[in-house]
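Chemist:
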Amino acid sequence: MTTPSSPPPAWVADHTRVVAPPLVPELRLHTATEVTSLWQATEDRLDRAGLPPPFWAFPWAGGQALARFVLDHPDWVRGRRVIDLASGNGMVAIACARAGAAHVTANDVDPLAAAAQQANAVLNGVAVTIETADRIGDRLTRIDLLVVGDLFYERALAERLWPWLQGVAKGGLPVLVGDPGRTYLPKTGLTALARYAVPVPLDLEDREVLDTTVWRVGTDRQS
Ligand SMILES: C[S@@+](CC[C@H](N)C(=O)[O-])C[C@H]1O[C@@H](n2cnc3c(N)ncnc32)[C@H](O)[C@@H]1O
Numbered sequence: 009m010t011t012p013s014s015p016p017p018a019w020v021a022d023h024t025r026v027v028a029p030p031l032v033p034e035l036r037l038h039t040a041t042e043v044t045s046l047w048q049a050t051e052d053r054l055d056r057a058g059l060p061p062p063f064w065a066f067p068w069a070g071g072q073a074l075a076r077f078v079l080d081h082p083d084w085v086r087g088r089r090v091i092d093l094a095s096g097n098g099m100v101a102i103a104c105a106r107a108g109a110a111h112v113t114a115n116d117v118d119p120l121a122a123a124a125q126q127a128n129a130v131l132n133g134v135a136v137t138i139e140t141a142d143r144i145g146d147r148l149t150r151i152d153l154l155v156v157g158d159l160f161y162e163r164a165l166a167e168r169l170w171p172w173l174q175g176v177a178k179g180g181l182p183v184l185v186g187d188p189g190r191t192y193l194p195k196t197g198l199t200a201l202a203r204y205a206v207p208v209p210l211d212l213e214d215r216e217v218l219d220t221t222v223w224r225v226g227t228d229r230q231s
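Just so you know, our numbering puts 119 at position 111 of the sequence shown, and the rest follows in order with no gaps.
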C-alpha cells in the first residue's frame with residue numbers, strides 16, 4: 009500500500025516531467041518527454057537489453073478516456089472497490105480514487121509501472137494499493153468494478169484477456185474498457201458508454217488525436 013506520505017521513487021521523477029494529461033487536466037503525472045532516451049535509460053538502469061517500451065511513462069488514449077469517464081460519472085466508482093488492470097502510470101486508478109472509490113488497486117506486471125504509480129499517487133494526493141501480479145485468469149474477490157485502459161495492443165495478450173473479461177462480466181462484475189480502436193479489440197460483445205477525441209503524442213501514435221471509446225464488457229442482450 010502506498011500513501012500520500014510515501015516518498016516518490018526518485019528514478020521516475022528524475023527521468024520524467026510532471027504533465028497534466030490533455031483529457032484529464034485535473035491530474036498531474038510523471039510523463040516521458042521523449043520515448044527513446046527513456047527506454048535507453050531504463051535498459052541502462054536495469055542492465056538489460058530488449059525490454060518492452062516504457063509504457064508506464066505515458067497517459068495512453070484508452071486510459072485518458074477511462075479516467076475522464078469515471079471523473080465525470082462518479083456513480084460508477086463511488087464507494088466501490090476497484091481494480092485498474094494494466095494501470096501503467098496509475099492514471100485510471102488515481103481518477104477512481106478521486107471519484108470516491110472505497111478502495112483502489114493499481115495492477116501492472118511492470119515493476120517500473122509500480123514505481124510510477126507510487127510517484128503519481130503521491131503527486132495527486134491519493135492512496136492506492138499497488139500490485140505487480142499477473143491477475144489475468146484470476147477469480148477476483150472483494151472487487152466491485154474492473155477497469156482496463158488500452159490493453160488490446162498485442163495479439164497474445166488480447167487472446168488471454170478477452171475470454172477472461174467476458175467471464176468476469178458474465179459473473180456479474182462490471183468491466184469497463186477504454187480503447188482507441190487498437191487492432192485486437194473485439195468487434196462484438198461490448199456496449200459503448202462514451203466517446204472522446206483524445207490528444208496524444210504524435211511520435212507515439214503517428215497522429216495527434218485518437219477517437220477513443222469507453223466500453224462496458226457485455227451487451228444488453230447478455231445482461
Ligand atoms: C498501453 S499501456 C496502458 C497503461 C494505462 N492503462 C493507460 O491507459 O495509460 C499497457 C500496460 O499494460 C501492462 N501489462 C501488460 N501485460 C499485463 C498483464 N498481464 N497484467 C497487467 N498489466 C499488464 C504493461 O506493463 C503496460 O503498463
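The C-beta atom is built at its ideal place from N, Cα and C for all residues, glycine as well.
Is the beta carbon of residue 151 less than 7 Å from the beta carbon of residue 169?
Modeler: No, the pair does not count as a contact, with Cβ atoms beyond the cut-off.
Chemist: Would residue 163 pass as an interface residue toward chain C - the criterion being a Cβ-Cβ separation below 7 Å?
Modeler: Absent here is chain C; the protein component of the structure consists of one chain.
Chemist: Taking Cβ positions, are residue 225 and residue 183 nearer each other than 7 Å?
Modeler: Yes, they are a contact pair.
Chemist: Put residue 186 into one of helix, strand or coil per three-state DSSP.
Modeler: Strand at residue 186.
Chemist: I need the straight-line Cα distance from residue 159 to residue 53, nearest angstrom please.
Modeler: Straight-line Cα distance between these residues: approximately 26 Å.
Chemist: Cα separation between residue 146 and residue 218?
Modeler: Distance between the alpha carbons of residue 146 and residue 218: 31 Å.
Chemist: Name the DSSP beta bridge partners of residue 219, please?
Modeler: DSSP, once it has assigned bridges, lists 205 as partnering residue 219.
Chemist: Assuming contact is defined by CB atoms lying nearer than 7 Å, are residue 220 and residue 199 in contact in what I supplied?
Modeler: The answer is no: Cβ separation not under 7 Å.
Chemist: What residue from 86, 123, 178, 173 has the CA that sits closest to residue 21's CA?
Modeler: Here the closest residue by C-alpha is 123.
Chemist: Would you list the one or two residues that DSSP bridges to residue 92?
Modeler: Residue 92 is bridged to 114, 155.
Chemist: Since residue 136 contacts residue 72 with CB under 8 Å, what's their CB separation in whole angstroms?
Modeler: 18 Å between Cβ atoms; not a contact.
Chemist: Distance check for residue 23 and residue 172, CA to CA, integer angstroms please.
Modeler: If I take the Cα positions, the gap works out to 35 Å.
Chemist: Here's a check: name, in chain order, each residue in its chain whose Cβ is nearer than 6 Å to the Cβ of residue 28, leaving out the five neighbours to either side.
Modeler: Around residue 28: 36.
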